[in-house]
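K.L.:
This is the structure I have questions about; it appears just below.
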Amino acid sequence: MTDFMNSLGFILYVTLAYTTPLLYAALGSCFSEVSGVVNIGIEGMMTAGAFTGTCVAYFTGNPWMGFLCGGLAGAFLGLLHALAAVRLGADQTITGAAITMLGISTATIICKVLFSSTETIPLSVKQKIPKLFMGVFEPTTVFGRFMDYVFATYASTYLVFILTLVVWFVFYKTRFGLRLRACGEHPQACETLGINVISMRFLCVVISGFFSGLGGACVTMAISTQFRPISIVGQGFIAIAAVIFGKFRPQGALLGCLLFGFCSGLKVVLGASSGVNMQLLSMIPYVVTVLILVLFVGKSHVPSANGKPYIKAK
Amino acid sequence: MRNKDSILRKPAVQSLLTSLLCILLGLLVGFVVLLIINPAGAGEAIMDIIKNFLNYSKPATRLKNMGNTLVKTAPLLMCSLSVLFAYKVGLFNIGAAGQYVAGAGACIYCAVGLGWSWLPCMIMAVLAGALVGALSGALKAYRNVNEVISCIMLNWISLYLVNTILSQVKNPTSPYTYEITKKVVMENGAMTTVAHPGAVLPQLGINGLFNNNKYVGLAIPLAILLAVGIWVLLTKTKLGYELRATGLNMYAAKYCGMQDRSNIVLTMAIAGGLAGIGAAMLYLTGFEEWSCTQSSVPAMGFNGIAAAFLGGLHPLGAIFSSFFIQHITDGGAQLNKQVYPSEISNLISSLIIYFCGFVLFFKLTLTKWLNGRNEKKNAAKGGSAK
Chain S
1 MTDFMNSLGF ILYVTLAYTT PLLYAALGSC FSEVSGVVNI GIEGMMTAGA FTGTCVAYFT
61 GNPWMGFLCG GLAGAFLGLL HALAAVRLGA DQTITGAAIT MLGISTATII CKVLFSSTET
121 IPLSVKQKIP KLFMGVFEPT TVFGRFMDYV FATYASTYLV FILTLVVWFV FYKTRFGLRL
181 RACGEHPQAC ETLGINVISM RFLCVVISGF FSGLGGACVT MAISTQFRPI SIVGQGFIAI
241 AAVIFGKFRP QGALLGCLLF GFCSGLKVVL GASSGVNMQL LSMIPYVVTV LILVLFVGKS
301 HVPSANGKPY IKAK
Chain E
1 MRNKDSILRK PAVQSLLTSL LCILLGLLVG FVVLLIINPA GAGEAIMDII KNFLNYSKPA
61 TRLKNMGNTL VKTAPLLMCS LSVLFAYKVG LFNIGAAGQY VAGAGACIYC AVGLGWSWLP
121 CMIMAVLAGA LVGALSGALK AYRNVNEVIS CIMLNWISLY LVNTILSQVK NPTSPYTYEI
181 TKKVVMENGA MTTVAHPGAV LPQLGINGLF NNNKYVGLAI PLAILLAVGI WVLLTKTKLG
241 YELRATGLNM YAAKYCGMQD RSNIVLTMAI AGGLAGIGAA MLYLTGFEEW SCTQSSVPAM
301 GFNGIAAAFL GGLHPLGAIF SSFFIQHITD GGAQLNKQVY PSEISNLISS LIIYFCGFVL
361 FFKLTLTKWL NGRNEKKNAA KGGSAK
């Protein structure tokens with residue numbers, strides 16, 4: 001029983017840790033996709049956020065400064081994507097792919113210039129995002145240790161769950177949310193009602209970049225302590241898959257992210273405890289993503305105007 | 001003057017102009033980045049990237065290095081053909097990277113592990129790439145799974161799978177597989193290797209043109225032939241017409257009695273096969289070995305996207321754009337690593353793709369400008385536009 005509670009606690013802890021960055025990125029992806037802009041640049045935005053976050057935290061010593069700057073770095077790439085895909089009517093998939101490559105190569109270049117290596121110098125505990133409720137629970141009892149595993153976790157994890165609630169509220173209970181969803185369904189109709197579709201989409205893509213940047217920063221400032229070339233690898237795309245799985249709703253994306261977070265957590269738990277081939281374990285999240293898409297995507301409702309550039313009639 | 005106008009209005013000329021503009025903008029931003037890193041050597045560094053093998057003063061070394069660039073251009077051309085072929089059918093094949101990985105795994109295993117000769121190895125590479133491609137196609141056609149997502153997931157799955165499989169033919173003293181000129185045999189229960197030159201692609205005497213660069217051979221003419229072949233297939237055959245029609249409007253194509261679903265699978269299989277043969281063109285020359293511990297998908301497939309769009313999505317344009325992209329990538333490796341990271345070339349490639357997204361905007365602006373100029377001229381003459 002003790003062992004079981006311990007393992008369960010540890011798995012929940014790892015799941016929550018790995019869900020956090022995915023969920024930030026997925027909420028960002030929701031904004032962009034629901035407003036009608038395909039954003040496969042999430043991966044690059046996360047990488048930019050991951051690098052900027054650790055870098056700023058390392059030099060200023062303030063984790064929250066780093067976290068915010070990570071978001072801003074993502075927002076900057078979002079701005080570039082929006083400029084091309086929303087303002088100039090470029091192919092959203094091409095510029096998205098370019099943004100991904102741009103984010104990764106720029107992060108590597110700056111990292112090499114500043115640290116003379118492809119990795120940043122590890123952050124100290126003070127420079128990392130703090131854990132909440134440390135020492136609140138008694139780790140001496142079985143139940144206490146379980147609670148310690150699950151609830152004494154990073155502040156960024158608490159923040160993302162609150163954020164999910166806020167995004168849900170904005171999407172379904174505010175005028176802004178209604179307009180946002182309408183832009184992705186029928187931009188022409190929006191324009192006739194006096195909504196500026198271009199500005200709306202522009203804003204949403206920048207928000208998606210900001211959230212993705214925050215997600216990236218969580219990877220390097222909470223789960224790990226440094227930026228490495230393998231920090232993000234595919235998490236941005238997994239977040240997009242979670243959004244498709246969640247039928248383009250924030251609450252659905254939450255479920256998707258928990259599932260993928262669990263798979264990534266499983267990789268860590270199994271990798272630490274057994275002699276299973278690490279290469280094969282690394283495949284788990286990706287295989288599960290494909291399987292989930294095969295099973296669920298057929299019924300998913302995609303915003304009707306998603307991926308179509310909106311060009312204002314003269 | 002009318003004559004000059006009509007040249008600028010030709011789609012081919014416009015594509016060429018916009019591609020050149022993309023290159024120029026990409027290099028310009030790359031130069032600015034170099035300036036920020038270290039202003040002193042930036043001018044020299046950007047010239048190093050542009051010149052690549054021309055940096056060497058001896059003609060013999062130049063030729064040899066030009067050969068090296070060409071050896072890597074062949075697989076890049078295949079990846080860009082893979083991307084553009086799928087794009088013509090309305091699919092974005094970001095999975096060329098994974099199909100390339102699958103091809104690499106198949107041909108290296110068949111050559112080093114099984115001791116096959118180069119032709120069956122190459123065929124296996126094509127089949128492995130085609131299988132991975134067809135899988136994405138089938139998911140799209142029958143389960144409505146976005147091909148971008150499934151391709152990216154398959155990229156990672158292929159990478160880890162190939163790493164696992166190729167670990168069986170790995171040199172125990174390094175993370176790399178054995179050279180392609182060797183074959184693994186079991187001797188008294190222990191793994192050793194014997195010479196096996198049959199898996200190396202024939203050189204056809206082309207190596208003589210490049211100062212006996214032993215890696216230059218069949219791959220280069222074959223790649224160009226395949227580019228021409230894809231152009232013929234897309235524009236001159238019934239199948240190509242059907243595939244393009246499916247890409248333009250799936251429902252209209254279906255209404256006309258075309259098999260929309262199997263066309264999507266077929267397209268992705270062909271695209272995958274192209275990326276797969278690209279891997280065979282590189283790894284069967286022995287130019288480099290596979291690192292079984294690599295944790296990121298080789299950049300070849302992603303550079304293929306840059307080459308495809310830079311080449312104006314035309315198979316023949318891709319020949320030149322692939323050479324250019326490989327040229328600046330190799331040029332990036334020439335930089336002084338103490339001062340400038342070689343990733344600058346990746347940055348330039350990604351900027352080029354980004355600017356290629358603006359092609360439509362460039363063309364519209366150009367046409368608008370031409371119209372405006374015509375109107376002005378006609379107004380001055382007092383005549384009407386013809």
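Keeping their order, the protein sequence lines are chains S and E.
Sequential numbering of the first sequence, starting at 1, is according to the working numbering.
Sequential numbering of the second sequence, starting at 1, is according to the working numbering.
The beta carbon of each residue, even a glycine, is placed where N, CA and C say it ideally should be.
#1: Between the region 254-264 of chain S and the region 15-24 of chain S, do at least 3 Cβ pairs fall closer than 8 Å?
#2: Quick check on DSSP: helix, strand or coil for E:Y87?
#3: Residues in the same chain with beta-carbon distance under 7 Å from S:F296, minus the five sequence neighbours each way, listed in chain order, please.
#4: Can you name, in chain order, every residue of its own chain whose Cβ lies under 6 Å from the Cβ of S:D148, other than the five neighbours on each side?
#5: Looking at C-alpha atoms only, which residue of E:L284, E:I37, E:I165, E:Y241 is the closest neighbour of E:Q203?
#6: Enumerate in chain order the residues of its own chain whose CB-to-CB distance from E:T367 is below 6 Å, with the five nearest sequence positions on each side excluded.
#7: Could you pull out every unbroken beta strand (DSSP E) segment of at least 3 residues lying fully inside the region 309-364 of chain E, listed in chain order?
#8: Quick one, are the C-beta atoms of S:A152 and S:P130 less than 8 Å apart?
#9: Leaving aside the five residues before and after E:K386 along the sequence, list all residues of the same chain whose C-beta is less than 6 Å from its C-beta, in chain order.
#10: Measuring CA to CA, which of S:L293, S:F76, S:G89 is closest to S:S208?
#11: Which first and last residues belong to the alpha helix (DSSP H) in which E:E433 is found?
#12: Beta carbon of E:F85, beta carbon of E:I270: below 8 Å?
#13: In chain order, which alpha helix (DSSP H) runs of at least 4 residues are fully inside the region 84-161 of chain E?
#14: If you drop the 5 nearest sequence neighbours on each side, which residues of the same chain put their C-beta closer than 8 Å to that of E:V473?
#15: Does any residue of chain E have a CB that is nearer than 8 Å to the CB of S:Q279?
#16: Would you list, in chain order, the members of the region 196-217 of chain S that have their beta-carbon closer than 8 Å to a beta-carbon of chain E?
#17: Express the C-alpha separation of E:L63 and S:I284 in angstroms, rounding to a whole number.
#18: Looking only at C-alpha atoms, which of S:L281, S:L8, S:K247 sits nearest to S:F143?
#19: With respect to the alpha helix (DSSP H) encompassing E:A388, which residues constitute its N-terminal and C-terminal limits?
#20: Tell me the rounded alpha-carbon separation between E:L313 and E:S321.
#21: Quick check: is the beta carbon of S:F59 nearer than 8 Å to any beta carbon in chain E?
#22: Return the chain-ordered list of same chain residues with a C-beta closer than 6 Å to the C-beta of E:A306, the five sequence neighbours on each side being excluded.
#23: Which residue from E:M186, E:N346, E:L234 puts its Cα closest to that of E:G304?
#24: Kindly indicate if chain E contains any beta-carbon less than 8 Å away from that of S:K112.
#25: Could you give the DSSP three-state label for E:S291: helix, strand or coil?
#26: Which one of E:W118, E:C292, E:L225 has the shortest CA to CA distance from E:A74?
#27: Cβ of E:P175 less than 8 Å from any chain B Cβ?
#28: Looking at chain E, which residues of the region 282-309 of chain S have a Cβ within less than 7 Å of any of its Cβ atoms?
#29: Using a Cβ-Cβ cut-off of less than 7 Å, list which residues of the region 81-98 of chain S approach chain E; keep chain order.
#30: Tell me the rounded alpha-carbon separation between E:I51 and E:A40.
#31: What distance in whole Å lies between the Cβ atoms of E:L77 and E:A252, which are believed to be in contact at a cut-off of 8 Å?
#32: Under DSSP, the alpha helix (DSSP H) around E:M250 begins and ends at which residues?
#33: Between the region 216-244 of chain S and chain E, which residues of the former have a C-beta closer than 7 Å to a C-beta of the latter?
#34: Taking 8 Å as the CB-CB cut-off, is S:T102 touching chain E?
#35: Can you give me the start and stop residues for the alpha helix (DSSP H) that E:I183 sits inside?
#36: Is E:I180 near E:A111, with beta carbons less than 8 Å apart?
P.N.:
The relevant details are as follows:
#1: Taking one beta carbon from each stretch, the region 254-264 of chain S and the region 15-24 of chain S have 3 or more pairs nearer than 8 Å; the two touch.
#2: In the second sequence, the residue the question calls residue 87 of chain E occupies position 87. E:Y87: helix per DSSP, three-state reduction.
#3: Against the first sequence, residue 296 of chain S aligns to sequence position 296. Correct list, in chain order: F245.
#4: As a working note, residue 148 of chain S is residue 148 in the first sequence. Within its own chain, the residues whose Cβ lies closer than 6 Å to the Cβ of S:D148, once the five positions on either side in sequence are excluded, are F137, P139, listed in chain order.
#5: Looking up residue 203 of chain E in the second sequence gives position 203. Taking only the C-alpha atoms, the option nearest E:Q203 is E:L284.
#6: Taking the second sequence and counting its residues from 1, one reaches residue 367 of chain E at position 367. Counting only residues of its own chain and dropping the five nearest sequence neighbours on each side, E:T367 has no CB closer than 6 Å to any other CB.
#7: Here no run is fully enclosed.
#8: Within the first sequence, residue 152 of chain S is the residue found at index 152, counting from 1. Within the first sequence, residue 130 of chain S is the residue found at index 130, counting from 1. No, the pair does not count as a contact, with Cβ atoms beyond the cut-off.
#9: Working through the second sequence from its first residue, we reach residue 386 of chain E at position 386. Its pLDDT being 45, under 50, E:K386 is placed unreliably by the model, and the measurement read from it follows with that caveat. So the list is empty, once near-sequence residues are dropped.
#10: Position 208 of the first sequence holds residue 208 of chain S. Restricting attention to S:L293, S:F76, S:G89, the CA atom closest to the CA of S:S208 is found in S:F76.
#11: Any answer about residue 433 of chain E is impossible in this case: the structure gives chain E only from 1 up to 386.
#12: As a position in the second sequence, residue 85 of chain E is number 85, starting the count at 1. As a position in the second sequence, residue 270 of chain E is number 270, starting the count at 1. Cβ distance < 8 Å, so E:F85 and E:I270 count as in contact.
#13: DSSP runs (the alpha helix (DSSP H)) wholly in the region 84-161 of chain E: 96-108, 118-143.
#14: Past the edges of chain E, shown from 1 to 386, lies residue 473 of chain E, and the structure says nothing about it.
#15: Against the first sequence, residue 279 of chain S aligns to sequence position 279. Yes, because at least one Cβ of chain E sits closer than 8 Å to the Cβ of S:Q279.
#16: Cβ contacts with chain E: none found.
#17: Start at 1 with the first residue of the first sequence, and residue 284 of chain S comes out as number 284. Start at 1 with the first residue of the second sequence, and residue 63 of chain E comes out as number 63. A direct Cα-to-Cα measurement between S:I284 and E:L63 gives close to 46 Å.
#18: Residue 143 of chain S sits at position 143 when you count from the first residue of the first sequence. For the residues S:L281, S:L8, S:K247, the minimum Cα distance to S:F143 belongs to S:L8.
#19: The structure shown does not extend to residue 388 of chain E, since chain E is modelled only from 1 through 386, so no value can be given for it.
#20: Your numbering for residue 313 of chain E matches position 313 in the second sequence. Your numbering for residue 321 of chain E matches position 321 in the second sequence. The C-alpha of E:S321 is placed about 10 Å away from the C-alpha of E:L313.
#21: Working through the first sequence from its first residue, we reach residue 59 of chain S at position 59. Contact with chain E is absent for S:F59, since none of that chain's Cβ atoms lies less than 8 Å from the residue's Cβ.
#22: Here residue 306 of chain E refers to the residue found at position 306 of the second sequence. Taken in chain order, the residues that qualify are I325, S349, I352, I353.
#23: Numbered from its first residue, the second sequence carries residue 304 of chain E at position 304. That would be E:N346, whose Cα lies nearest to the Cα of E:G304.
#24: Sequence index remark: in the first sequence, residue 112 of chain S carries index 112 (1-based). Answer yes: the Cβ-Cβ gap between S:K112 and chain E drops below 8 Å somewhere.
#25: If you number the second sequence from 1, residue 291 of chain E lands on position 291. In this structure, E:S291 counts as strand in the three-state DSSP scheme.
#26: For this step, residue 74 of chain E is matched to residue 74 along the second sequence. In this structure, E:L225 is the residue among E:W118, E:C292, E:L225 with its C-alpha nearest to the C-alpha of E:A74.
#27: Note that chain B does not occur in the displayed structure, where the protein chains are S and E.
#28: So the close ones are S282, M283, Y286, V287, T289, V290, L293, V294, V297, G298.
#29: Within the region 81-98 of chain S, the qualifying residues are A84, L88, G89, A90, D91, T93, I94, T95, A97, A98.
#30: For this step, residue 51 of chain E is matched to residue 51 along the second sequence. For this step, residue 40 of chain E is matched to residue 40 along the second sequence. Residue 51 of chain E is actually Lys in this sequence, not Ile. Those two C-alpha atoms are separated by around 19 Å.
#31: Sequence index remark: in the second sequence, residue 252 of chain E carries index 252 (1-based). Sequence index remark: in the second sequence, residue 77 of chain E carries index 77 (1-based). The distance from the Cβ of E:A252 to that of E:L77 is about 32 Å, inconsistent with a contact at the 8 Å cut-off.
#32: Taking the first residue of the second sequence as position 1, residue 250 of chain E is located at position 250. Element bounds for E:M250: 250-255.
#33: Residues passing the 7 Å Cβ filter: P229, I230, V233, G234, F237, I240, A241, I244.
#34: Locating residue 102 of chain S in the first sequence gives position 102, where the first residue counts as 1. Note on residue identity: the sequence assigns Leu, not Thr, to residue 102 of chain S. Taking Cβ atoms only, chain E reaches closer than 8 Å to S:L102, which makes this a yes.
#35: Here residue 183 of chain E corresponds to residue number 183 of the second sequence, with the count starting at 1. The amino acid occupying residue 183 of chain E in the given sequence is Lys; Ile does not appear at that position. Per DSSP, E:K183 is not a residue of any alpha helix (DSSP H); the beta strand (DSSP E) it occupies stretches across 182-187.
#36: As a first step, residue 180 of chain E must be located in the second sequence, where it is residue number 180. As a first step, residue 111 of chain E must be located in the second sequence, where it is residue number 111. Yes, these two residues count as a Cβ contact at 8 Å.
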